[in-house]
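> The listed protein sequences correspond, in order, to chains A and B.
When we follow our numbering, the leftmost residue of the first sequence carries the number 1, and every step to the right adds one.
When we follow our numbering, the leftmost residue of the second sequence carries the number 1001, and every step to the right adds one.
Just so it is clear, CB atoms sit at the ideal spot from N, CA and C, and this is done for glycine as well.
If you scroll down you'll find the structure; I have some questions about it.
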Amino acid sequence: AQTVTQSQPEMSVQEAETVTLSCTYDTSENNYYLFWYKQPPSRQMILVIRQEAYKQQNATENRFSVNFQKAAKSFSLKISDSQLGDTAMYFCAFMLNNDMRFGAGTRLTVKP
Amino acid sequence: DSGVTQTPKHLITATGQRVTLRCSPRSGDLSVYWYQQSLDQGLQFLIQYYNGEERAKGNILERFSAQQFPDLHSELNLSSLELGDSALYFCASSVDPNSPLHFGNGTRLTVT
């Protein structure tokens, strides 16, 4: 089975600054999908951004962007202009053939 | 609102008992996924259905079972409950394999 590793259990950032969350994965497949989900204190799971492995261009959604390095099997999330509402657990996820697996998560705290 | 409905929101029961968690996917979504999230842990994939058929299976215990009905709603049955089964159980749906998952708000199960 594919594995997803998030090596940063906790991170913090000052409001308005930029932070990058790391994610690596292990697979021998070529066509797959990667996601970042956000889980605020309400415990809802909210899709942040999606990347198709066959696309070389990094995905961007407003203040959120990814750095997808397929050869290195790395998929980091950059949050620009951090806001207090960005405080949450962030989960990296890998999907292949109906099977979506999540990393252990990174707890991000945005400080005022 | 993701459009995925899970009931009940909270469930408190005793060890050895059996419970059923229910999930209604978003309108038009054929895939249903079940995940377990223990306190401050990541999401553990349990099982996935597509249009009534089981498509992928994760670390689901033999005491747990699930099914997806013709109207596409799904139920997760947990039996012989143990204290360690206390967790947040998420249902998610997607329109097809490899599409982003949309999560319900979860059912919080407490086993006493």
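Could you give the residue range of the beta strand (DSSP E) that holds B:His1010?
For the purposes of this step, residue 1010 of chain B is identified with residue 10 of the second sequence, where counting begins at 1. Where B:His1010 is concerned, the enclosing beta strand (DSSP E) stretches over 1010-1013.
> Please name the residue, chosen from A:Pro40, A:Arg101, A:Gly85, A:Lys55, that lies closest to A:Cys23 on a Cα-to-Cα basis.
As a position in the first sequence, residue 23 of chain A is number 23, starting the count at 1. When each option's Cα is compared against that of A:Cys23, the closest is A:Arg101.
> So A:Ala153 contacts chain B; which residues on that side make the cut at Cβ distance below 9 Å?
In the structure as shown, chain A begins at 1 and stops at 112. Residue 153 of chain A is therefore absent and cannot be evaluated.
> What residue from B:Arg1108, B:Ser1002, B:Phe1090 has the CA that sits closest to B:Gln1048's CA?
Locating residue 1048 of chain B in the second sequence gives position 48, where the first residue counts as 1. Minimum Cα distance to B:Gln1048 is reached at B:Phe1090.
> Can you find the residues in the same chain that come closer than 6 Å, C-beta to C-beta, to A:Glu61, ignoring five residues on each side of it along the sequence?
By 1-based counting over the first sequence, the position of residue 61 of chain A is 61. Result list for A:Glu61: Ile49, in chain order.
> Nearest to A:Leu84 by alpha carbon, out of A:Pro112, A:Ser28, A:Leu34?
Residue mapping note: residue 84 of chain A aligns to position 84 of the first sequence, counting from 1. Comparing Cα positions, the closest option is A:Pro112.
> Which same chain residues end up closer than 7 Å to A:Arg63 when comparing Cβ atoms and leaving out the 5 residues on each side of it in sequence?
Start at 1 with the first residue of the first sequence, and residue 63 of chain A comes out as number 63. Once the five neighbours on either side are set aside, the close Cβ partners of A:Arg63 are Ile79, Ser80, Asp81.
> Figure out for me which residue from A:Thr20, A:Tyr54, A:Ala93, A:Gln14 has the closest Cα to the Cα of B:Gly1042.
To locate residue 1042 of chain B, count along the second sequence from 1; it is residue 42. Nearest C-alpha to B:Gly1042: A:Ala93.
> Which runs of the beta strand (DSSP E) spanning at least 3 residues fall entirely within the region 1063-1098 of chain B, listed in chain order?
1064-1068, 1074-1078, 1087-1094
> Name the chain A residues whose beta carbon is nearer than 8 Å to that of B:Ser1031?
In the second sequence, counting from the first residue as 1, residue 1031 of chain B sits at position 31. Those within 8 Å of B:Ser1031 in chain A are Asn98.
> Given this structure, state the Cα-to-Cα distance separating B:Thr1020 from B:Gly1106, to the nearest angstrom.
Within the second sequence, residue 1020 of chain B is the residue found at index 20, counting from 1. Within the second sequence, residue 1106 of chain B is the residue found at index 106, counting from 1. Their backbone Cα atoms lie some 13 Å apart in a straight line.
> Using a C-beta to C-beta distance shorter than 9 Å, which residues of chain B count as neighbours of A:Phe35?
In the first sequence, residue 35 of chain A corresponds to position 35, counting from 1. By Cβ distance, chain B contributes Pro1100, Leu1101.
> Is it buried or exposed for B:Thr1112, if we count other Cβ within 10 angstroms and need 16 for buried?
Along the second sequence, read from residue 1 onward, the residue named residue 1112 of chain B stands at position 112. Looking at its Cβ environment, which holds fewer than 16 other Cβ atoms inside 10 Å, B:Thr1112 is exposed.
> If you measure from the beta carbon of A:Arg63 to each beta carbon in chain B, is any gap under 7 Å?
Residue mapping note: residue 63 of chain A aligns to position 63 of the first sequence, counting from 1. Chain B, which has no Cβ nearer than 7 Å to the Cβ of A:Arg63, makes this no.
> Taking A:Ala104 as the query, report the chain B residues whose CB atoms sit under 7 Å from its CB, ordered along the chain.
Within the first sequence, numbered from 1, the residue matching residue 104 of chain A stands at position 104. Listed along chain B are Gly1042, each with a C-beta nearer than 7 Å to that of A:Ala104.
> Using beta carbons (cut-off 7 Å, strictly below), is A:Met11 in contact with chain B?
On the first sequence, position 11 is the one that residue 11 of chain A refers to. No, because no Cβ of chain B sits closer than 7 Å to the Cβ of A:Met11.
> In angstroms, rounded to a whole number, what distance separates the CA positions of A:Lys55 and A:Glu15?
For the purposes of this step, residue 55 of chain A is taken as residue 55 along the first sequence, with counting starting at 1. For the purposes of this step, residue 15 of chain A is taken as residue 15 along the first sequence, with counting starting at 1. Approximately 32 Å between the Cα atoms of the pair.
> In this structure, how does DSSP classify A:Leu84 when only helix, strand and coil are distinguished?
Position 84 of the first sequence holds residue 84 of chain A. Of the three classes helix, strand and coil, the one that applies to A:Leu84 here is helix, per DSSP.
> Can we say the region 1019-1036 of chain B touches the region 1090-1102 of chain B, given the rule of at least three CB pairs closer than 8 Å?
yes
> Which word fits B:His1010, buried or exposed, when buried means at least 16 other C-beta atoms lie within 10 angstroms of its C-beta?
Position 10 of the second sequence, counted from the first residue, corresponds to residue 1010 of chain B. Per the 10 Å Cβ criterion, exposed.
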